[in-house]
Amino acid sequence: MIDINLIRENPELVKENIKKKFQDKKLVLVDKVIALDKLKRELQQEGDRLRAERNVIAKQIGVYMREGKKEEADAAKLKSKFDNERIAEIEKQTAETEAELKTAMMAIPNIIADDVPLGEDDTKNVQGKVFLKAAKKPFDVPYHLDILESLNGIDLDSARRTSGNGFYYLTGDIARLHSAVLTYARDFMIDKGFTYCIPPFMIRSDVVSGVMSFEEMEGMMYKIEGEDLYLIGTSEHSMIGRFMGTVLPESSLPQTLTSYSPCFRKEKGAHGLEERGIYRIHQFEKQEMIVICKPEESDTWYEKLWNYTVELFVSMEIPVRQLICCSGDLADLKYKSCDIEAWSPRQNKYFEVGSCSNLTDAQARRLGIRYKNSKTGKNEFAHTLNNTVVAPPRMLIAFLENHLQADGSVYIPPVLRPYMGGKERIVPKN
């Protein structure tokens, strides 16, 4: 949610930003917000005037009663009655106006960074830096499910019976590899100075609406029937929600946190061979990184965060690249964002394995996350950032394809061997 003062003072800038995101249908919201904001302030002024008048009348009634001026006292009481009725009407209308204003404000996208490339959708995203040389295998790389099955590492049939499509059982060395990558990623981030957390895996609706846009919420979140609780789609939701309604000491910033959680997503509309298997699923596990910082530090932290993911993948000898998200591919709360994509030798192209975002103060405004500015003495909104350290389902695909050997075995890079009991390879059972 952007600052109401920006809409009041520079509505054309806000409208231009909406156009850059190719959301012209939202242009009317700017004028709607201005009108609702004006009405809200008028109602507040009238309410304040009537309350002050009511206090004066209450004192007058007491004077009239003491002086035996019954007619004057009755007239004042009648005036007070009318004022009370109008105040009640104003309070009701104010609450309705504030709710409508908040809904409109939350639908207006965050101001995007000047260096975000313009484009309608993800086809206009721009390649950034490339890390490690992407090489073609001297043999045909099988589909990732075939690799997993050859290693006795997955059971989809049983998962379909117990849970339906979009779920799986990982077994044996593949299950161990899955856990090894998460544990290595946890230790990697701890070594970077981040504090490790395990958050709640369910959050209330006010947290959900604070951390994401309405469109994201509808497309991702699972609602717990009969409860004001949602299963988290990523630990970012819980981790940012942890600071809801708080004023942090400036000395406590930046908050640098890395969190583990299972993640639950609807993943509506997934299709195609490569998006089946374990690419798009309803439940997976992930290591995340979260930063809450002062506004002047968020650009620097953004660069650090996505580079940490690159460093992690390079340490596992997996070629990756940065893909800079264009304006039309940014969710409404994002100031800027980039994906980290891993090389797929099977498809001879890159695919997404993580995403890094700077949301400036958009989440903080929704959730009321502030810090005490030592220079001004004022409470100001913090900036929030999030980034995927690693999400094993997609990472496993990249890992298996890049480290598959001609004999069907899978090479284990040195950094992961301590977490795999010293294994250097995963070997097919047959």
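Numbering (the working numbering), first residue to last: 1 to 430.
In this text, a Cβ means the ideal position worked out from N, Cα and C, and glycines have one as well.
Keep in mind that this is a model prediction, so the values were computed, not measured.
(message) Quick check: what's the CA-CA separation for Val30 versus Ala99?
(response) In a straight line, the C-alpha of Val30 is about 16 Å away from that of Ala99.
(request) Consult DSSP for Ile112 and reduce its assignment to one of helix, strand or coil. (result) Ile112: coil per DSSP, three-state reduction.
(message) Can you look up Gln45 in the DSSP assignment and give me helix, strand or coil?
(response) The answer is helix: DSSP assigns Gln45 an H, G or I state.
(request) Assuming Gly241 contacts Ile203 (C-beta within less than 8 Å), just tell me the rounded distance between them. (result) With a Cβ gap of about 6 Å, Gly241 and Ile203 count as contacting.
(request) Compare the C-alpha of Tyr184 against each of Ser337, Ser315 and Lys137 and name the closest. (result) Ranking Ser337, Ser315 and Lys137 by Cα distance to Tyr184 puts Ser315 first.
(request) Starting from Val181, trace the alpha helix (DSSP H) both ways and give me its first and last residue. (result) That run of the alpha helix (DSSP H) goes Gly172 to Asp191.
(request) Give every residue of the same chain whose Cβ lies closer than 7 Å to the Cβ of Gly193, excluding the five residues on either side of it in the sequence, and list them in chain order. (result) If we look at Gly193 and ignore the five residues flanking it on each side, its Cβ neighbours are Thr256.
(request) Tell me whether Glu12 sits in a helix, a strand or coil according to DSSP, three-state version. (result) Three-state result, Glu12: helix.
(request) Please name the residue in Arg86, Leu359, Thr376 and His383 whose C-alpha comes closest to that of Arg370. (result) Among Arg86, Leu359, Thr376 and His383, the Cα nearest to that of Arg370 is on His383.
(message) Under 8 Å, with one C-beta from each stretch per pair, do the stretch 402-422 and the stretch 320-335 reach the 3-pair mark?
(response) Proximity of the stretch 402-422 to the stretch 320-335 falls short of the contact definition, fewer than three beta-carbon pairs being nearer than 8 Å.
(request) Use the C-beta contact count for Ser357: other C-beta atoms within 10 angstroms, 16 or more gives buried, fewer gives exposed. (result) The Cβ neighbour count for Ser357, taken over all protein chains shown within 10 Å, is at least 16; the residue is labelled buried.
(request) Count the other CB atoms, across all protein chains shown, that sit within 10 Å of the CB of Lys347; report buried if there are 16 or more and exposed otherwise. (result) In the sequence under discussion, the amino acid at residue 347 is Gln, which differs from the Lys named in the question. Classification of Gln347: exposed, given that the 10 Å Cβ count is below 16.
(message) Please report the straight-line C-alpha distance between Tyr308 and Asp37, rounded to a whole angstrom.
(response) Cα to Cα, Tyr308 sits roughly 42 Å from Asp37.
(message) What does the Cβ neighbour count give for Glu275, buried or exposed, with the cut at 16 atoms within 10 Å?
(response) Caution applies to Glu275, whose pLDDT of 46 falls short of 50 and renders its modelled position unreliable; the model cannot decide the point.
(request) Could you tell me which uninterrupted beta strand (DSSP E) segments, each at least 3 residues in length, are contained entirely in the stretch 281-365, listed from first to last along the chain? (result) The qualifying runs are 283-293, 320-324, 336-344 and 349-358.
(request) Put Phe445 into one of helix, strand or coil per three-state DSSP. (result) As shown, the chain starts at 1 and ends at 430. That puts residue 445 outside it, with no answer to give.
(message) Against chain D, does Ile426 count as a neighbour if the rule is that its beta carbon must be under 8 Å from one of theirs?
(response) The structure shown contains no chain D, having only a single protein chain.
(message) Tell me the DSSP secondary structure of Pro414 in three-state form.
(response) When secondary structure is reduced to three states using DSSP, Pro414 falls in the helix class.
(message) Checking 8 Å against the spacing of the C-beta atoms, do Glu303 and Val389 come in under that value?
(response) No. Outside cutoff.
(message) So, for Pro414: in the same chain, excluding its five sequence neighbours on each side, which residues have a beta-carbon less than 8 Å away from its beta-carbon?
(response) Cβ neighbours of Pro414 beyond the five flanking positions: none.
(message) Going by C-alpha to C-alpha distance, which of Thr258, Tyr279 and Asn110 sits closest to Ser213?
(response) Answer by Cα proximity: Asn110.
(message) Rounding to the nearest angstrom, what Cα-Cα distance links Ile87 and Gly47 in this structure?
(response) Taking the straight line joining both Cα atoms gives about 6 Å.
(message) Quick check: the stretch 66-74 against the stretch 116-127, are at least 3 beta-carbon pairs closer than 8 Å?
(response) No contact exists between the stretch 116-127 and the stretch 66-74.
(message) Using C-beta distances below 8 Å, list every residue in its chain close to Lys19, excluding the 5 sequence neighbours before and after it, in chain order.
(response) Around Lys19: Leu27.
(request) Evaluate Phe139 with the Cβ neighbour count: other Cβ atoms within 10 Å of its Cβ, from every protein chain shown; 16 or more gives buried, anything less gives exposed. (result) It counts as exposed.
(message) Please list the terminal residues of the continuous beta strand (DSSP E) segment that includes Lys129.
(response) Here the beta strand (DSSP E) through Lys129 covers Val126 to Phe131.
(request) Determine the direct distance from the alpha carbon of Thr171 to that of Ile278, and round the result to whole angstroms. (result) Each residue's Cα considered, the two are about 14 Å apart.
(message) Taking contact to mean 3 or more Cβ pairs, one atom from each stretch, closer than 8 Å, check whether the stretch 125-134 and the stretch 148-158 are in contact.
(response) No, because fewer than three Cβ pairs between the stretch 125-134 and the stretch 148-158 fall closer than 8 Å, the two stretches do not touch.
(message) Does the stretch 39-53 come into contact with the stretch 244-259, if we say contact requires no fewer than three beta-carbon pairs (one atom in each stretch) closer than 8 Å?
(response) Contact between the stretch 39-53 and the stretch 244-259 is absent, because fewer than three Cβ pairs lie under 8 Å.
(request) Report the option in Asn387, Ser344, Phe243 and Ile174 whose CA atom is closest to the CA atom of Val207. (result) Val207 has its Cα closest to that of Phe243, out of Asn387, Ser344, Phe243 and Ile174.
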